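Down below is the structure, laid out as structure tokens.
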Amino acid sequence: MNTLAVDIVGADKTATLSDVIKTAYRVQGVGKSYSGTVVLSDINLDFLTGEIHGIIGKNGAGKSTLVDIMHGSNIPSCGTLTVFDETLTKLTPTMAHKKKIVLVPQKTNYANDLTIAESLYIGSYPKRFLGYVSNRKMMLMSKKLLQKVGLQIDPSTKIEHLSLEKRRLIEVVKALWCFDAKVLILDETTAALGIKFRKKLFELLKKVVEEEKRTVIFIGHRLDEIMEICDRISVLRDGRLIKTANTNDLDIEELAELIIGESENGKSFNQTDTQNLDKTTQDHCFRASNLSYQDSFFDIDFEVRTGEVVGIAGMVGSGYSDLLRYLGGLLPSQGSGKILLGDETVIPHSPAFMKKQGIGYLTNKREEEALFHGLSITDNLIGSNFKKYISRLGLVQYAKVNQTVRSTKKILEIKMPGGSDSMIDSLSGGNKQKILVGRLLDYDLRVLLLDEVAEGVDIGARRKLLNFIREKVSIDTAVLMASNVVMDLMDVCDRILVIYHGHIVKTFDCSDFNENEIYSALQGLGVNGNKVNCRVDNRGGN
Amino acid sequence: MGLINDHRLKLVVDNFIWVLVVFFLVLASILIDGFFTVENFINMPFHSASLSMMILGMAFCLLSKQMDLSLESIYVIAPAIGVLLVTRWFPGIPSNFAVLFTIIVGALIGLVNGLLVVKLRINSFLATLAMLIVLRGSVEYLLPVGIFEVPSLFGTLGADTFLIGDYEIPYTIFIFITVFFIADFIVRNTVFGKDVVAVGSNATAAFIAGIRVERVHILVFVVSGMCAAFGGVLAVGKMGSVMNQLGNGDILFVFAGTVLGGVSLDGGKGKIMNALGGGLLLTIITTILNYSEVSPYLIKSIQGLTLLVAMVLNNVIELFLKSRLSR
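Chain order of the listed sequences is H and R.
1 is the number of the first residue of the first sequence in the working numbering; add one for each residue after it.
1001 is the number of the first residue of the second sequence in the working numbering; add one for each residue after it.
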């Protein structure tokens, strides 16, 4: 361990690396496009044995597509992959597994009922003669692995009793030693980790890279940690490889600039001052003061007026999702603080209750929490709102329903090739999302809470959807939208609040939107690159 | 390709149970002497009526992604209590009220099921399994020997006939098919029906969209209890007696019929009218077995085997057609 520490601090590692080291994984000229839309183009990357290689970029820069291609779950439109000098024409996840390319995905479905040992060795249990699973041996081996990473847990503990952090770490352990990864791809593994576990993970990664000459490909969002852990960093932007550089040759501001590109200062294109002026005259619509909920967010203050769009920018896990879920009535217990709608105090009991108050919530988990799979487009659009369309006899009036479907289809420009009676799953992601936005519109709400409204929506549709929210929705509604994509928020919001570790650290008015600054703030960095420790109140603007 | 376009294929996939019904009817009519008679074609829907009512109840449950195993016990205990109320416990009440009481008892048992599942969060399979056993035991205690005289309204609903030409047609056929049409209408055209399907398709999404999921589930159990009780009314009327073994073991056929009718165990998928087809198909298979001279000891296994074949056929053809559609 000592030699390791010295090495990291002192030596010019890359010089020694490039002498002995060969390429473990080479990506050559890889591109990917979906029906004309290019999401990746001409990516050339060499991943060396014994290095930690960071890939960083904004959301939608192409990181996940690249990861998918590298581990075989997505087929590139062009280009080749070379694994340990073997050029592959086609890579499948099974082949990747055989070549010891292992991905630790962003989200894992944990088999909660398994013990740690079982989940480590699932699929390759140690056998005794006659094929019995040797539980004793499995426990011993698991214990050794856990000790290797400094986890003092009994391997017979069930996964469901572990914290999310420990589960992530165990995933990495499994990839390293049970799957024996030569090339380990970590897709935003640190997002769920606290400082202590991040440190543990980093130590572990440095060790395996150093001593066992493995390759780690580290996909991340946070500048500081990617600077800390990686030997080299590649920056992706808009599907292109902008730069690959040694970490030592970069500083954090430079990196932020590379990620964002030409920083757009000032306000975004589709807003005018007049729009803002007539809004200020209107009453407060939706306010919160001192809102706190368990350990997800603290002392949140905001106000959204009718006709305003307010953005909450933050990284995944910074608390914005929980904030919106709380406001939408989804969280089971009550937090502290006050929520006001007009002059009335609102307590978020349940989604049904909040909907009655005129507050609607759009989840960011579209497939799991919003869509009725196997039902028609019409049923999905109307959803729980059939009450609005019943006659005096209690029967649904389909003539009126169809009218709504038609008008929603028109204003949101939804493409439904099979007509409104075809299944919801026949639509593309963007059109599904439009259906869900349309569902909320049909509720006649006063407040809209949108969590990652543009996620998983292709670029063309994204623009249209955001414009629609800006121009049509916000006329008689107060909109609170949260996202980790700063550009999206800048395009539509009147104000952006930046949330970091559950606190609102900064507020930007649309006159001083600056992607660079907002991005730095949501990274927890001050303008000059320091961590923001206290709350910066910048709300005197209006 | 004019004859087989995608739209028509989809229609066939979605209503495949009726293809099976017609297939078995035609096959039996050709192969078995005496099968193709008016009497037989009246008898088959007549005999499927009471089982079909349970299938209807199960269809509601499966649509909302629950299940109710206690249906076959409700099917007997509801009419038993209904009849006992007017004959033994409160002899002053006009005896035909027994039918009303039967339905109410069915609804109440359904309510208990619903509360167990929703409020106490017991898995619906387990809660209704316990109920199945408890209720069967109770009815054996209440009716050790059965009742051989039932109020006349039972007979009217379950057995009486009217004449069309030379043929006697039981009212039952019209009654239960009407109930199916009403249920189908409820599912497609009322808020309750829409909510049932939405909850079955994705309970989380329904909750977030503001549907009161718990209430919908409780109501579903009440409705399915009422369906089973009404099925009991028809069965008791048909036989003119209440026996404590009535419906014993039928729950497996109820499941088979509902699933054959295309109501998915995954929830949210299926049509009520196709569940009617599932019930009919079961009766058709039984009738075919009765006509063909197989050993009575073999009937059960052949029944099961036929079911298996029908389901495999159903799935294989559906898969084939779907792959064709998605091309």
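For glycine and all other residues, C-beta sits at the position ideal for the given N, C-alpha and C.
Note that the structure is predicted; figures quoted are calculated from it, not measured.
Among the options, which one has its Cα closest to the Cα of residue i?
i: H/D295; options: H/T82, H/G502, H/N484 and H/G418; result: H/G502
i: H/I56; options: H/K243, H/N135, H/I153 and H/L162; result: H/K243
i: H/K98; options: H/R26, H/A117 and H/C178; result: H/C178
i: R/L1135; options: R/L1069, R/T1178 and R/H1047; result: R/L1069
i: H/K472; options: H/E228, H/S350, H/T306 and H/I219; result: H/T306
i: H/K166; options: H/I382, H/L205 and H/G150; result: H/G150
i: H/P417; options: H/N431, H/T408 and H/T404; result: H/N431
i: H/L522; options: H/A313, H/T345, H/S119 and H/I52; result: H/A313
i: H/K158; options: H/K58, H/L114, H/S428 and H/V133; result: H/L114
i: H/E212; options: H/R237, H/D180, H/K199 and H/I252; result: H/D180
i: H/L371; options: H/V437, H/V505, H/T408 and H/I300; result: H/V437
i: R/K1271; options: R/P1144, R/T1258, R/A1229 and R/P1045; result: R/T1258
i: H/I543; options: H/N364, H/S350, H/S391 and H/F286; result: Chain H is shown from 1 up to 542; residue 543 of chain H falls before or after that span and cannot be answered.
i: H/D231; options: H/K143, H/D46, H/K196 and H/G342; result: H/D46
i: H/A399; options: R/L1129, R/E1039, R/N1189 and R/T1178; result: R/N1189
i: R/L1246; options: R/F1255, R/G1231 and R/A1256; result: R/G1231
i: H/E160; options: H/N112, H/R214 and H/Q147; result: H/N112
i: H/E413; options: H/G374, H/R463 and H/D42; result: H/R463
i: R/L1142; options: R/L1252, R/A1059, R/I1081 and R/G1278; result: R/I1081
i: R/A1059; options: R/N1248, R/A1078 and R/S1224; result: R/S1224
i: H/R439; options: H/V505, H/T37, H/T363 and H/F302; result: H/T363
i: H/A24; options: H/L331, H/T215, H/A61 and H/V67; result: H/T215
i: H/K388; options: R/V1026, R/A1205 and R/V1191; result: R/V1191
Might you give, ordered along the chain, the residues of its own chain that have their beta carbon closer than 6 Å to the beta carbon of residue i, omitting 5 neighbours on each side?
i: H/N265; result: At H/N265, the pLDDT of 45 sits below 50, so the modelled position is not reliable; the number obtained from the coordinates is stated separately. Cβ neighbours of H/N265 beyond the five flanking positions: N514.
i: H/L324; result: L449, D451 and A482
i: R/F1221; result: G1110, N1113 and G1114
i: H/G319; result: S296, F297, I499 and G502
i: R/L1132; result: L1069, S1070 and S1073
i: R/I1193; result: Per the sequence shown, residue 1193 of chain R should be read as Gly rather than Ile. Excluding sequence neighbours, R/G1193 sits near I1186 and V1187.
i: H/S420; result: I377, T378 and V405
i: R/I1218; result: G1114 and V1118
i: H/L393; result: none
What residue does the alpha helix (DSSP H) around residue i start on, and which one ends it?
i: R/P1091; result: Per DSSP, R/P1091 belongs to no alpha helix (DSSP H) and is neither H nor E.
i: R/R1188; result: Y1171 to N1189
i: R/N1244; result: Unbroken run through R/N1244: none, as it is neither H nor E.
i: H/E86; result: Not the alpha helix (DSSP H): H/E86 falls in the beta strand (DSSP E), residues E86 to L88.
i: H/A478; result: Looking at the DSSP string, H/A478 is not in any alpha helix (DSSP H); the run it does join, the beta strand (DSSP E), is A478 to S483.
i: H/G394; result: Neither: H/G394 is in no alpha helix (DSSP H) and is coded neither H nor E.
Could you check where the beta strand (DSSP E) with residue i kicks off and where it finishes?
i: H/H503; result: H503 to D509
i: R/N1274; result: Note, R/N1274: premise wrong, no beta strand (DSSP E); alpha helix (DSSP H) at I1272 to Y1291.
i: H/G54; result: I52 to I56
i: H/R237; result: R232 to R237
i: H/T244; result: R240 to N246
Using C-beta distances below 7 Å, list every residue in its chain close to residue i, excluding the 5 sequence neighbours before and after it, in chain order.
i: H/Q271; result: Its pLDDT being 46, under 50, H/Q271 is placed unreliably in this model, and the coordinates cannot settle the point.
i: R/Q1303; result: I1285, T1286 and L1289
i: R/G1146; result: S1241, V1242, M1243 and N1244
i: R/G1200; result: L1063, S1064, K1065, G1267 and G1268
i: H/L466; result: A454, D488, D491 and V492
i: H/D251; result: none
i: H/H349; result: G329
i: H/F269; result: Reliability fails at H/F269, whose pLDDT of 44 lies under 50, so the model's placement of it is uncertain and the value that follows must be treated cautiously. Nothing listed; no residue qualifies.
Provide the residue(s) that pair with residue i in DSSP beta bridges, ordered along the chain.
i: H/E303; result: H/R287
i: H/V102; result: H/L184
i: H/T82; result: H/R26 and H/T87
i: H/E367; result: None, per the DSSP bridge assignment.
i: H/A313; result: H/S483 and H/V498
Residues in the same chain with beta-carbon distance under 8 Å from residue i, minus the five sequence neighbours each way, listed in chain order, please.
i: H/P76; result: V30, G31, K32, L40 and I69
Item to check | Near-chain H residues of the region 1196 to 1216 of chain R (beta-carbon distance less than 7 Å), N- to C-terminal order | outcome: V1197, A1198, S1201, N1202, T1204, A1205, A1206, F1207, I1208, A1209, G1210, I1211 and R1212
Next on the checklist: Which residues of the region 344 to 367 of chain H have a Cβ closer than 7 Å to any Cβ of chain R? Give them in chain order.
Outcome noted: P351, A352, K355, Y361 and T363
Next on the checklist: Which residues of the region 370 to 384 of chain H have a Cβ closer than 8 Å to any Cβ of chain R? Give them in chain order.
Outcome noted: A370, L371, F372, H373, G374, L375, D379, I382, G383 and S384
Checklist entry - Closer than 7 Å, Cβ to any Cβ of chain R: which residues of the region 508 to 524 of chain H, in chain order? => result none
Next on the checklist: Under 7 Å, CB to CB, which of the residues in the region 390 to 401 of chain H have a partner in chain R?
Outcome noted: I390, G394, L395 and V396
Checklist entry - Relative to chain H, which residues along the region 1243 to 1277 of chain R have a C-beta separation below 9 Å, given in chain order? => result S1264, D1266, G1267, G1268 and K1269
Item to check | Where the region 156 to 182 of chain H meets chain R: residues whose CB sits under 8 Å from a CB there | outcome: none
Checklist entry - Mind listing which residues of the region 1174 to 1189 of chain R have their C-beta closer than 9 Å to chain H's C-betas, in chain order? => result F1185, R1188 and N1189
Item to check | the region 1111 to 1139 of chain R: positions lying closer than 9 Å to chain H by Cβ | outcome: none
Item to check | the region 1288 to 1320 of chain R: positions lying closer than 9 Å to chain H by Cβ | outcome: none
Item to check | Contact set between the region 1064 to 1081 of chain R and chain H, restricted to residues whose Cβ is under 8 Å from the partner | outcome: none
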